[in-house]
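Engineer: Protein chains in written order, with UniProt numbering: chain X, 1 to 474; chain H, 1 to 474. Cβ coordinates follow ideal geometry from the N, Cα and C atoms, glycine included. This is the structure I have questions about; it appears just below.
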């Protein structure tokens, strides 16, 4: 292996082939589930260097783990414990290669941090709408590799829908120059979308051409207290009809999730949480291309109609940006509040929106029967059918023991229920190393067979992020 | 082969295995470029029957040409002249399987005619936005197979963006049940988008779950006369900023294209075409979620600003639906008007919007140098960067001879120019049998190698629409 490391050092410079010291930022996954051991962490500075590194790995038979900000929630971007895998870090490739105003596109390198992509768009007077909790650390390459979701999917789609072109280094170390800024291009198979969401198992994304949008003239936030999940879904339909594409956010939060925020962060002042009959709260965002006054008038009309229809018990429209941020802050504090309450079993499921009320009702009952006193931290992107339906130990119980002893059973129950309602066990977090067995259990065998054929065709020596997503190949 | 035909007759019934009589509706392509000869035309009635037919074809080694409405503009859905290929017609599978109001989705079978898909959505008070010239004949399966574009791409995307789930029969005759109505689902490779746009070469799409949208409260059309392509692009930017997602159509038409409509269809009364300095007209569509009055006020504000900025010389907003239809009718009459003027060499290119003015200026000059007196019928979906940049013989010339003698040279010149400006030779019509060599010339060799690997992995015996898209395989 010393020949191999020498080759790498010659390709990218000795300073960028790291084998010693504390490499835990590269070797440990975001949620601390696995601390792996890399043969080396390699940090190429250009697409040509990435291609050369991949060719060297192919020549020496060394598996590659592509890595961006290493914020995977599914253990998708860290090396295993064998010490045989190279981490290919894209963080030195962080340039914004260009912005095309009239074409509403931007070309960025894979290692660019999402927040910097957003900022570059903003400084051109435009919007890159992808937004998620890890945006200060995650990279656009990782967002593409996992087809990240976030809070703006309702209007703008997942990362997949925000990408027009890719530059990719293949498992053979060739460069596919697919950085097109075209909204229509039917010239063969859709390699772009095949690479997006393949979690580094089919190649290394080195750059992307992304869609940009005009910035809305005003963005307004409202908070509505609703009596049930059925009424939350009814409010969504009403909001879609009345606001059309201007409805850019629709987040739901269960009463218990909000009570944890109220308990652990009393300074946040959660609206209506004590009010009788309030089972859920909905956070709505309206992005208006005209003016704040116009946005406010439309929001008020919507909420009045919703109040009359019985979907909404009480509601408030943020008076200013600070208030809007406070409301979003409550939503974003749920993960922290539940952590303060103790570890819980996290899920990232999706279900057709029409079936969410029945899914929640059924699954709540199943879990309560299985685990008396169980507490459900239910919140998520209702507008996309995506719930983080998290399961917390009974009050006063040992949360660590609960997680250790019950996680498999609880997952089985929740994933089974999601599947029964036509849903998915992974809405936006992907498969990684964590959910390989879950994929095998819940994905269609015909689909799995096609995926394996594609993996073997494009990466016959199984060098790209091996074992992730599809597991060991035959 | 008589065993084979007997097998097919047993599977779908003798009436649905056609080998005699006039089969030209199945054997001749839409534009009459190729009259093939099928071994048989088979019309299964269900997904199970499709799977059984595919298994029979696989067992007997018979190639399959999947076919919907047979409206391909690239000879993608007709058999070759060998008499060895089976046409697998999906037209008996035309059911709307269901509409889910709250989830805004609809599940339809592949053979459902696009207009019927639209109508089913409308009768549920919802919108399926895909719209294109052949909508009365083409099927949704064909739209998906070719990733069709049309006039609403600017707001709603291509067919790809309108599909959430697929049911597909694989080349082995297995059924992939992927009819999910989920907006977020990251559970392995994106087989859906791989199948979409693969033109029947990777499997047979038998059904799809499609996105629906709330119907806009009002749809308003305007017609603007502009002095140049630069100003048409400037008007687009202005309209995107001012109307946001409500801008659902932005079509450009060159002066010569419009003069042909005025000449051959004088009853249509083309606005502003005689006015001095008018080089292009733009048709804008505004879909408003509030009211017609609101839509009109916004359109007027936009056009006033555009007039002041010098993008627009004159403009009219349709007073009512009839006027709007008349304006759209002018746009849609261009293909007919140019046909009446004589055959021409058609293109379906895309270029980044910012580069369209330079592309047109350069290519106009190149063509005029090559063919003195050449006439350019330039029109298309400017909002998507998609031009039908068609080349007409010099006035009084022999159009048929022109097409015969000059098509290859002209294509080479136009495709080369599109490539030089970062564009594509096929924006929305696909590759089919017609553009196999063009794909080889202009698609990246690295991408082509990946596509061939995928084809061989999924269809190792090369039975699905062989030769189309990628050409003969090694």
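1. Could you tell me whether the Cβ of residue 47/X comes closer than 9 Å to any Cβ of chain H?
2. Taking residue 357/X as the reference, which of 389/X, 27/X, 187/X and 67/X has the closest Cα?
3. What separation, rounded to the nearest whole angstrom, lies between the Cα atoms of residue 202/H and residue 195/H?
4. Given this structure, state the Cα-to-Cα distance separating residue 448/H from residue 412/X, to the nearest angstrom.
5. Is it true that the CB of residue 314/H sits closer than 9 Å to the CB of residue 401/H?
6. Skipping 5 residues on each side, what residues in its chain have a beta carbon closer than 7 Å to that of residue 240/H?
7. Any C-beta of chain X sitting closer than 9 Å to the C-beta of residue 174/H?
8. Quick check on DSSP: helix, strand or coil for residue 408/H?
9. Taking residue 206/H as part of the alpha helix (DSSP H), name the residues at either end of that continuous run.
10. What three-state label does DSSP hand residue 352/X in the structure shown?
11. With a threshold of 9 Å between beta carbons, is residue 181/X in contact with chain H?
12. Considering only their Cβ atoms, is the gap separating residue 99/X from residue 58/X smaller than 9 Å?
13. Determine, using beta carbons only, whether residue 189/X comes closer than 9 Å to chain H.
14. Do you know how far the Cα of residue 425/X is from the Cα of residue 415/X?
15. Let me know if residue 147/X comes out buried or exposed under the rule of 16 or more other beta-carbons within 10 Å of its beta-carbon.
16. Just to confirm my understanding: we take residue 407/X, look at its own chain, exclude 5 residues before and 5 after, and list those with CB closer than 7 Å. What are they?
17. Note down the Cα distance separating residue 351/X from residue 22/H, rounded to an integer number of angstroms.
18. So with CB distances below 8 Å, who are the chain H contacts of residue 161/X?
19. What does residue 241/H reach in chain X if we use C-beta pairs closer than 7 Å?
20. Report the start-end ranges of each alpha helix (DSSP H) in the stretch 155-221 of chain X that is 4 residues or longer and not cut off at the edges.
21. From the DSSP output, which residues share a beta bridge with residue 280/H?
22. Indicate whether residue 162/H and residue 126/H have their beta-carbon atoms separated by less than 9 Å.
23. Whose CA, out of 363/H, 341/H, 14/H and 149/H, lies closest to the CA of residue 45/H?
24. Would you mind stating whether residue 141/H and residue 72/H have Cβ atoms separated by less than 9 Å?
25. Look at the Cβ atom of residue 218/H, then the Cβ atom of residue 294/H, and state whether they are nearer than 9 Å.
26. Counting pairs of Cβ atoms below 8 Å between the stretch 449-465 of chain X and the stretch 6-13 of chain H, do you hit three or more?
27. Take residue 330/X as the anchor and find which of 253/X, 176/X, 362/X and 347/X has the nearest alpha-carbon.
28. Can you confirm whether the stretch 184-198 of chain H touches the stretch 184-199 of chain X when touching is taken to mean that 3 or more C-beta pairs between the two stretches lie within less than 8 Å?
29. So, using beta-carbon positions, are residue 459/H and residue 190/X closer together than 9 Å?
30. Against chain X, does residue 455/H count as a neighbour if the rule is that its beta carbon must be under 9 Å from one of theirs?
31. Please confirm if the stretch 309-324 of chain X is in contact with the stretch 376-396 of chain X, defined as three or more CB-CB distances below 8 Å between the two stretches.
32. Just to make sure I have the definition right: I need the residues of chain H whose C-beta is within less than 8 Å of the C-beta of residue 431/X. Which are they?
33. Could you run through the stretch 245-261 of chain X and flag, in chain order, every residue whose CB is less than 9 Å away from some CB of chain H?
34. Taking Cβ to Cβ, would you say residue 78/X is nearer than 9 Å to residue 111/X?
35. Which of the three DSSP states, helix, strand or coil, is assigned to residue 266/H?
36. For residue 443/H, go through chain X and note every residue whose CB falls closer than 7 Å to its CB, in chain order.
Structural biologist: According to the data block:
1. The beta-carbon of residue 47/X is placed no less than 9 Å from the nearest beta-carbon of chain H.
2. 389/X
3. 7 Å
4. 41 Å
5. no
6. 247
7. Closer than 9 Å: yes.
8. helix
9. Here residue 206/H belongs to no alpha helix (DSSP H); instead the beta strand (DSSP E) covers 204-211.
10. coil
11. yes
12. no
13. yes
14. 5 Å
15. buried
16. Shown here for residue 407/X: same chain residues with a beta carbon closer than 7 Å to its own, the five before and five after excluded, namely 345 in chain order.
17. 48 Å
18. 157 and 161
19. 214
20. 191-195
21. 226/H and 254/H
22. no
23. 14/H
24. no
25. The Cβ atoms of residue 218/H and residue 294/H lie closer than 9 Å to each other.
26. no
27. 253/X
28. yes
29. no
30. Closer than 9 Å to some Cβ of chain X, the Cβ of residue 455/H qualifies, so yes.
31. no
32. 186, 187 and 188
33. 245 and 246
34. no
35. helix
36. 187 and 188
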